[in-house]
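What follows is a set of notes on a single structure, which appears directly below.
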Amino acid sequence: VRTGAEGPKGISCLVIEKDMAGVSFGAQERKLGWHSQPTAQVNFDEVRVPAENLVGGEGEGFRIAMMGLDGGRLNIGACSLGGAQRCLDEAVKYTKERKQFGQAIADFQNTQFMLADMETELQAARMLLYAAAVKVTENAPDKTKFAAMAKRLATDSGSSIVDRALQLHGGYGYLQDYPIERFWRDLRVHSILEGTNQVMRMIVGRELTRQ
């Protein structure tokens with residue numbers, strides 16, 4: 761919350777408890793995906809917060825918030841890779857079982873090329889995510905750049921892999937009888953959360969041109 765002048769140094773971090781007077785919640789949002797996670801607007805109406813609920817020092821709120829962003833971006837990237845891995849596994853299983861023209865569609869060169877690209881992109885994104893996690897853990901000077909790159913690549917690749925897994929399932933991939941469509945819906949928001957992927961590109965670009 762703003763406790764001082766304009767700019768990042770005028771922001772402080774407070775613990776606001778849900779049962780405080782003036783705190784209320786809106787209706788549950790109806791989302792494309794993430795149905796298991798409740799999402800609602802939080803409303804504050806003349807909420808009085810005691811001084812002991814201040815986290816850190818006054819004016820340190822922006823710095824505290826920024827400290828959590830790199831880790832949050834790695835978390836979302838990891839979620840994308842987990843979903844993509846599940847869908848790749850499902851695609852391999854399905855294409856080995858599904859028969860067309862007397863043979864499994866996994867035997868078709870086009871299918872193998874798609875699966876190979878999905879696996880390659882998944883592993884490349886995973887390695888970058890691991891590298892970024894090391895940077896963040898060690899508090900390296902370029903940790904924010906690496907976290908942004910890893911989040912961007914993992915979430916874009918994850919959604920693309922899931923989309924191709926759905927395509928390999930054909931019409932069945934569009935049905936709720938199969939798990940693919942849920943991952944397709946759930947992973948879509950990952951390129952928006954923790955900073956959009958356009959913002960991730962801005963972070964990396966600014967870091968490069970600043971050098």
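When we follow the working numbering, the leftmost residue of the sequence shown carries the number 761, and every step to the right adds one. Backbone N, C-alpha and C fix where the C-beta goes; we use that ideal spot for every residue, glycine too.
* To do: Using a threshold of 8 Å, state whether the C-beta atoms of E967 and L829 are closer than that.
  => No, these two residues do not count as a Cβ contact at 8 Å.
* Under the three-state DSSP convention, the category S796 falls into -> Of the three classes helix, strand and coil, the one that applies to S796 here is coil, per DSSP.
* Asked: Using the C-alpha atoms, what's the distance from G764 back to D821?
  -> The sequence shown places Gly at residue 821, rather than the Asp named in the question. G821 and G764: Cα-Cα distance of roughly 11 Å.
* Asked: Which residues in the same chain as K895 place their Cβ atom closer than 6 Å to its Cβ, once the five residues preceding and following it in sequence are excluded?
  -> Around K895, the same chain offers K903 and F906 as residues with beta carbons nearer than 6 Å, after the five sequence neighbours per side are excluded.
* Asked: Under the three-state reduction of DSSP, which class applies to R804: helix, strand or coil?
  -> Here residue 804 turns out to be Phe, not Arg, going by the sequence shown. Looking at F804 - three-state DSSP - the assignment turns out to be strand.
* Asked: Given L935, which residues of its chain have a CB within under 8 Å of its CB, disregarding the five upstream and five downstream residues?
  -> Contacts found: E941.
* Asked: According to the neighbour-count rule (16 or more other Cβ atoms, all chains shown, within 10 Å of its Cβ), is F785 buried or exposed?
  -> Looking at its Cβ environment, which holds fewer than 16 other Cβ atoms inside 10 Å, F785 is exposed.
* Asked: Helix, strand or coil: how does DSSP classify G933 here?
  -> Reduced to three states, the DSSP call for G933 is helix.
* Near L834, which residues of its chain fall below 8 Å by C-beta distance, leaving aside the five closest residues on each side in sequence? -> The answer, listed in chain order, is L889, A892, A893, V896, A907, A910 and K911.
* Between I776 and V809, is the Cβ-Cβ spacing less than 8 Å? -> For I776 and V809, yes; Cβs fall inside 8 Å.
* Do V807 and G770 have their C-beta atoms within less than 8 Å of each other? -> The answer is no: Cβ separation not under 8 Å.
* Asked: What three-state label does DSSP hand R856 in the structure shown?
  -> Inspection of the sequence shows that residue 856 is occupied by Lys rather than by Arg. Looking at K856 - three-state DSSP - the assignment turns out to be helix.
* **Those runs of the alpha helix (DSSP H) which lie wholly inside the region 841-900 and span at least 4 residues** => Runs of the alpha helix (DSSP H) inside the region 841-900: 869-897.
* Excluding the 5 residues preceding and the 5 following E818 in the sequence, name in chain order all residues of the same chain whose CB lies nearer than 8 Å to its CB. => Correct list, in chain order: T763, G764 and S772.
* Range covered by the alpha helix (DSSP H) that runs through G918 -> Start and end: K903 to L928.
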